[in-house]
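Residue numbers (my numbering): 518 to 597.
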């Protein structure tokens, strides 16, 4: 998935699957409205600071299997 030149201001990315996405040239990412639970596992070419910014706002980094278990467990880490 490529998000070339996408303007993300006001975007609601709650629970979005961005895993493996190419984020080169995304615009206005600091103005994303919600990124909680969005999976950013394996994102590529993210702007400097994006990963930390997203995680601070509730994004997650999980394998597809881990994310599925997380969602099935009402967005809580499954007990190990």
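Ideal placement from N, C-alpha and C gives every residue a C-beta, glycine not left out.
Source: prediction; values computed, not measured.
- The alpha-carbon of residue 567 is positioned some 9 Å away from that of residue 540.
- Ranked by Cα distance from residue 527, the options 542, 534, 552, 579 are led by 552.
- Distances from the alpha-carbon of residue 577 to those of 522, 530, 525, 523 put 530 closest.
- Inside the region 559-586, DSSP marks whole alpha helix (DSSP H) runs of 4 or more residues at positions 567-573, from first to last along the chain.
- If you ignore the 5 residues before and after residue 571, its C-beta comes within less than 6 Å of the C-beta of 552, 557, all in its own chain and listed in chain order.
- The secondary-structure analysis by DSSP pairs residue 544 across a beta bridge with 524.
- The residue among 574, 581, 596, 546 with its C-alpha nearest the C-alpha of residue 536 is 581.
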